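Numbering (the numbering used here), first residue to last: 1382 to 1622.
Built from N, CA and C at the ideal position, the CB exists for glycine as well.
Note that this is a predicted model, so its numbers are computed, not measured.
Worksheet: the structure to be examined is printed underneath.
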């Protein structure tokens, strides 16, 4: 049975890059289900890709193949990799976009995608590895090819790390940082919702206290509010702002 391929890129939908990747996948494995996570990552924003992927993985079937192309180093000496982890596979550049997932879920094995017989062409484009290397690798994995066939094994400890600083949690003070700004302009912090469950808290931004609420609507429109969002991170928002 084919396993899903989930795509996350910064390509947008105007230029056809996403459709081309899907065409390559279909050419190799026509029965592969392909799901779009997002193609609206800000260009070259590896931290945003890291965040989106980390928060998407729990909602996908086990063994899903996550193919990420947010790749400012495309064509350079950065490695093209595939990683098996406890929830499936990761395919993309070794530039840290997978580090959030691999911090949350155990990695099992990794390879560098260095076998031309599993590329779309023996001489891939230096600007479109999504088409020529990553889409084929995802398709072959979905079709049942073992990870080890795709390339040379590499040490898990050598994978690029893009992890953020952990929040500092003290009895009456928690210090975190902004890790992502979503489509609505909400500031999503690195503070987990579980860290604030035991007492009432205020969020302090540049000396301005913002009370923690349960919903956006507990403050008037245009007012700042802090809540625990749907991904269980503390976030700062403006109601209807």
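Classify residue i as buried or exposed, calling it buried when 16 or more other Cβ atoms lie within 10 Å of its own Cβ.
i: residue 1565; result: exposed
i: residue 1629; result: A question about residue 1629 goes unanswered here, because the residues of the chain that appear run from 1382 up to 1622.
i: residue 1560; result: buried
i: residue 1611; result: exposed
i: residue 1583; result: exposed
i: residue 1542; result: exposed
i: residue 1554; result: exposed
i: residue 1410; result: buried
i: residue 1595; result: exposed
i: residue 1476; result: buried
i: residue 1589; result: exposed
i: residue 1390; result: buried
i: residue 1440; result: exposed
i: residue 1617; result: buried
i: residue 1396; result: exposed
To the nearest angstrom, report how far apart residue i and residue j are at their CA atoms.
i: residue 1499; j: residue 1531; result: 7 Å
i: residue 1474; j: residue 1455; result: 8 Å
i: residue 1404; j: residue 1437; result: 24 Å
i: residue 1482; j: residue 1387; result: 14 Å
i: residue 1556; j: residue 1572; result: 8 Å
i: residue 1446; j: residue 1457; result: 24 Å
i: residue 1512; j: residue 1606; result: 42 Å
i: residue 1536; j: residue 1515; result: 20 Å
i: residue 1449; j: residue 1533; result: 20 Å
i: residue 1472; j: residue 1461; result: 8 Å
i: residue 1424; j: residue 1402; result: 17 Å
i: residue 1415; j: residue 1400; result: 11 Å
i: residue 1591; j: residue 1585; result: 6 Å
i: residue 1562; j: residue 1568; result: 5 Å
i: residue 1463; j: residue 1600; result: 46 Å
i: residue 1419; j: residue 1383; result: 21 Å
i: residue 1608; j: residue 1539; result: 37 Å
i: residue 1480; j: residue 1544; result: 6 Å
i: residue 1433; j: residue 1488; result: 19 Å
Tell me the DSSP bridge mates of residue i?
i: residue 1551; result: 1554
i: residue 1585; result: 1590
i: residue 1446; result: 1386, 1470
i: residue 1533; result: 1493
i: residue 1599; result: For residue 1599, which the question treats as bridged, DSSP gives no partner whatsoever.
i: residue 1561; result: 1569
i: residue 1657; result: The question about residue 1657 has no answer here: the residues shown for the chain are numbered 1382 through 1622.
i: residue 1618; result: 1606
Between residue i and chain B, is the shortest Cβ-Cβ distance under 7 Å, so that the two count as touching?
i: residue 1481; result: This model lacks chain B altogether, as it is built from one protein chain only.
With a threshold of 6 Å, establish whether the CB of residue i neighbours any heavy atom of the ligand FMN.
i: residue 1546; result: Ligands are entirely absent from the displayed structure, and the ligand FMN is therefore not among its contents.
(request) Give a yes or no on contact between the region 1425-1434 and the region 1491-1500, applying the rule of three or more CB pairs nearer than 8 Å. (result) no
(message) Could you tell me which whole beta strand (DSSP E) segments of length 3 or greater appear in the region 1455-1503?
(response) 1461-1466, 1469-1474, 1488-1493
(request) Take every Cβ of the region 1456-1472, pair it with every Cβ of the region 1547-1558, and state whether three or more of those distances are shorter than 8 Å. (result) no
(message) So, does the region 1505-1512 touch the region 1524-1540, judging by three or more C-beta pairs under 8 Å?
(response) no
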